[in-house]
Amino acid sequence: MSVKQKDASIPTLPLGAVISRWIGRNLIRIYMVFAFTYLFIPVAYTFAFSFNDSGKSNLIWKGFTFDNWTNPCGAPEVCTALGNSIKIGLLSTIFATILGTMIAFAIGRHAFKGRSASNLLIFLPMATPEIVLGASLLSLFLVFQINPGFWPTVIAHVVFCISFVVVTVKARIASLDPRLEQAAMDLYANEFQTFRRVTLPLVAPGIAAAALLAFSLSFDDFIITNFNSGTMTTFPKFVYVSAARGIPAQANVIGSAMFFLALALVIVGQVVSRKRKVS
Amino acid sequence: MKKISTPYLLLLPGFAFLFTFFILPIINLAQTSTQTRLENGDTGQYEQTLRFANYLDAFIENREQFTRSFVYALIATLLALLISYPLAYALAFKAGKYKNILLVLVIAPFFTSFLLRTVAWKQILGEEGFVVPSLRTLGVISESTTLTSTAFAVVMGMTYNFLPFMTLPLYASIDRIDPRTLEASGDLYANGFTTFRKVTLPLSMPGVVAGTLLTFIPAAGDYVNAQILGSPNTKMIGNVIESRYFKIVDYPTAAALSFTLMAAILILVTIYIRKAGTEELV
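Chains as they are written, first to last, in the numbering used here: chain P, 1 to 279; chain V, 1001 to 1282.
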């Protein structure tokens, strides 16, 4: 923290003191530069190596090319894996968002017996290591002789996404001003109309954020997927399996594209919500 | 129209789902953990013998990996806290109009796949990366020292990969602090450090607790970082459970290990939450 010091305009100050004062004043900025460099190193690396003219193993820089970007499905299996990940992500997002939002409304809007037990049941999946969730579900599927694959993976993803949806939506519900609903009721809206016209639109950004979170958690999940997907590949599984011999540059293309897509989505979301606030 | 049954109806589908696919599997896992291999049975065939010694055997056989998991996860959590706290503080109080942009930038790296980022670190820290040669030139590490396949790389990877789980809750709770409380502290002649220790830090405790839990739990059960960035000497309990399941097909041991891990984490978490005094978190 920069402490208030004497006037900086004294010309006879030694260079060392000037430098250390500058560092003191800009400590936070310097820290931010370091922190963001650290955060973005692997992203920059992945992006740079998506242009590598590497052939099959993308370990050493061999030359610049756009080929990987123009032909992202060029490596065998990479697009099948991506397709599976997107399908699983969308399905588990839909189920988890619906179930989780209902739970969030129950817990956030109603006082009832067993409310704290319900909170505990929501907390438990988040406190359980992924490997335990994955392994226990696989054991259950094996007992019922259900083969691991697409649907078991979707189910597994819904299990760990629900809690995150509940927490996100609940926070949004808690931040609502109850007077808005009272006002609607005063204006002779019935409960259903109040919910549809006032409550739901106000909670919607929370639900959207929860859905986005659920999708990214599902899309990025490896451990639980590895246990419950059997022979089906997903994008993270594909990267894991190919990591030993070097992943193809197409995987970097897809990773980078996901990055820019998500970034664009978030920025659009922020702009939209700011415009709403203004109007 | 507000009926007593409404919350229960809202809870029903979700809780039925969680009961079937979360509670039942855990119960089933508990059952599996005390089974023994069928005599003359095929691989993967087990019968219930209520052999609780499975736990002891599994723990003794793998106590090294257990210790490692908790030590690595603890170091990674502390490092993540040290990196994230100033970052979250700066975002909340010093970023001004750039707050939202910077917040997006903090989360943005995690839009690239977790696996890709880990592989990227492997290559950055590897022999062909730029870090090792430059450190060697600077004389920081010797010619024979490598960074990958070490505990350092594993802990570093975990710290990086679980960072947003630390930064976001921290930011959320620091951002909620009323800046006037900090001004008041200054007005009462507290210096920067005292203000931080007596005002900022206590007020941000819910974020610290949430962040450390959300980082520690996945880190303790992780095996991806240890697999990609580590060596056989850095294997964690997750690696053992994974190989018991898929390579050795020893379900009872894997189940006993999973249960021990979960129990250990739950106990630690409970003690921690009690000590930190923020039970409203749950």
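Virtual Cβ for every residue (Gly too), placed ideally from N, Cα, C.
Around residue 126 of chain P, the same chain offers 163 as residues with beta carbons nearer than 6 angstroms, after the five sequence neighbours per side are excluded. The beta-carbon of residue 1102 of chain V is placed less than 9 angstroms from the nearest beta-carbon of chain P.
Put simply, the backbone Cα of residue 251 of chain P is about 14 angstroms away from that of residue 244 of chain P.
DSSP, reduced to helix, strand and coil, places residue 1130 of chain V outside both helices and strands of the structure shown, so it counts as coil. If you check the CB distance, residue 1137 of chain V and residue 255 of chain P do not come in under 9 angstroms.
At least one beta carbon of chain V lies nearer than 9 angstroms to the beta carbon of residue 118 of chain P. Residue-level contact by beta carbon holds for residue 155 of chain P and chain V, with a gap shorter than 9 angstroms.
The straight-line gap separating the alpha-carbon atoms of residue 85 of chain P and residue 1228 of chain V is approximately 21 angstroms.
With respect to the C-alpha of residue 1119 of chain V, the residue from P:241, P:26, P:262, P:269 having the closest C-alpha is P:241. Residues of the stretch 123-141 of chain P with a C-beta less than 8 angstroms from any C-beta of chain V: 123, 124, 125, 126, 127, 128, 129, 130, 131, 132, 133, 135, 136, 137, 138, 139, 140, listed in chain order. In the three-state reduction of the DSSP assignment, residue 1035 of chain V falls in the strand class. Nearest neighbour of residue 270 of chain P by Cα position, chosen from P:21, P:133, P:209, P:64, turns out to be P:209. Residues 223, 224 of the same chain have their beta carbon placed closer than 6 angstroms to that of residue 130 of chain P, with the five preceding and five following residues left out of the count.
Secondary structure at residue 1227 of chain V: helix, using DSSP grouped into helix, strand and coil.
Shown here, residue 1189 of chain V sits in coil according to DSSP, grouped into three states, outside any helix or strand. Here DSSP, grouped into helix, strand and coil, assigns residue 191 of chain P to helix.
Residue 223 of chain P reaches chain V at 1221, 1222, 1223, 1224, 1238, counting residues in chain order whose Cβ is nearer than 8 angstroms. Neighbourhood of residue 1094 of chain V in chain P, by CB distance below 8 angstroms: 28, in chain order. Around the Cβ of residue 228 of chain P, a 10 Å sphere holds 16 or more other Cβ atoms; the residue is buried.
Residue 1035 of chain V counts as buried, since no fewer than 16 other beta carbons sit within 10 angstroms of its beta carbon.
Bounds of the beta strand (DSSP E) holding residue 1047 of chain V are 1046-1048. Taken in chain order, the members of the stretch 1111-1138 of chain V whose beta-carbon sits within less than 9 angstroms of a beta-carbon on chain P are 1111, 1112, 1113, 1114, 1115, 1116, 1117, 1118, 1119, 1120, 1121, 1122, 1123, 1124, 1126, 1128, 1129. Residues of chain V with a Cβ closer than 8 angstroms to the Cβ of residue 103 of chain P are, in chain order, 1010, 1011, 1014, 1015. Taking 7 angstroms as the cut-off between beta carbons, the residues of the stretch 257-279 of chain P near chain V are 258, 259, 262, 263, 266, 267, 270, in sequence order. At a C-beta separation below 7 angstroms, residue 194 of chain P has no neighbours in chain V, since its nearest C-beta there lies roughly 11 angstroms away. Take residue 1055 of chain V, set aside five residues on each side of it, and the residues of its chain with a beta-carbon closer than 6 angstroms to its own are 1256, in chain order.
Between residue 133 of chain P and residue 160 of chain P, the C-beta spacing is below 9 angstroms.
Against residue 1267 of chain V, chain P offers no close residue; the least beta-carbon distance is about 11 angstroms (beta-carbon pairs closer than 7 angstroms). For residue 1111 of chain V, the secondary structure class from DSSP, reduced to helix, strand or coil, is helix. Of the other Cβ atoms in all chains shown, 16 or more fall within 10 Å of the Cβ of residue 1174 of chain V; this residue is therefore buried.
Here residue 1161 of chain V has 1114, 1117, 1118, 1225 as same chain residues with Cβ atoms under 7 angstroms from its own Cβ, once five neighbours each way along the sequence are excluded. Taken atom to atom, the span from the alpha-carbon of residue 140 of chain P to that of residue 1024 of chain V is near 8 angstroms. Here residue 31 of chain P really is in contact with residue 1090 of chain V; their C-beta atoms are around 7 angstroms apart, less than 8 angstroms. The stretch 104-158 of chain P is shown to contain whole alpha helix (DSSP H) runs of 4 or more residues at 115-127, 130-143, in chain order.
The C-alpha of residue 78 of chain P is placed about 23 angstroms away from the C-alpha of residue 1223 of chain V. The continuous alpha helix (DSSP H) containing residue 1058 of chain V extends over residues 1053-1061.
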